[in-house]
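>
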Amino acid sequence: MPATTTRDGTLITLSRYLREPVPDIVLTGSSITFRLKEEYFATSRVRNLALAGGSPVTGLEIVA
């Protein structure tokens, strides 16, 4: 099911990041970065960990 709230989207993003293999490139940022689709990039080892309505620092802390 697609996310209906910002919180739902955040939970989907975080659980996917934790569930899949460690990517080569991780995007963090605000809602603008959140809108970037991973399919736009040539490599499949890109994960978008940007959280809509959140801080880029949260994504960086998760990566660290």
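If you want our numbering, it's the 1-based position in the sequence shown plus 108. For every residue, glycine included, the Cβ atom is placed at its ideal position computed from N, Cα and C.
Would residue 125 and residue 153 qualify as a contact pair, given that the criterion is a beta-carbon distance under 9 Å?
Your numbering for residue 125 matches position 17 in the sequence shown. Your numbering for residue 153 matches position 45 in the sequence shown. Not a contact, by the Cβ cut-off of 9 Å.
> From residue 138 to residue 169, what does the alpha carbon distance come to, in whole angstroms?
Along the sequence shown, one-based indexing puts residue 138 at 30. Along the sequence shown, one-based indexing puts residue 169 at 61. Roughly 14 Å separates the two Cα atoms.
> Using the three-state DSSP reduction, which class does residue 143 fall into: helix, strand or coil?
Taking the first residue of the sequence shown as 1, we reach residue 143 at position 35. Assigned with DSSP and collapsed to three states, residue 143 falls in coil, not helix or strand.
> Measuring only the C-alpha atoms, how far is residue 167 from residue 150?
In the sequence shown, the residue the question calls residue 167 occupies position 59. In the sequence shown, the residue the question calls residue 150 occupies position 42. When rounded, the separation of the alpha-carbon atoms in residue 167 and residue 150 is 22 Å.
> Leaving out five residues on either side along the sequence, give the residues of the same chain with a beta carbon under 6 Å from the beta carbon of residue 121.
In the sequence shown, counting from the first residue as 1, residue 121 sits at position 13. If we look at residue 121 and ignore the five residues flanking it on each side, it has no Cβ neighbours.
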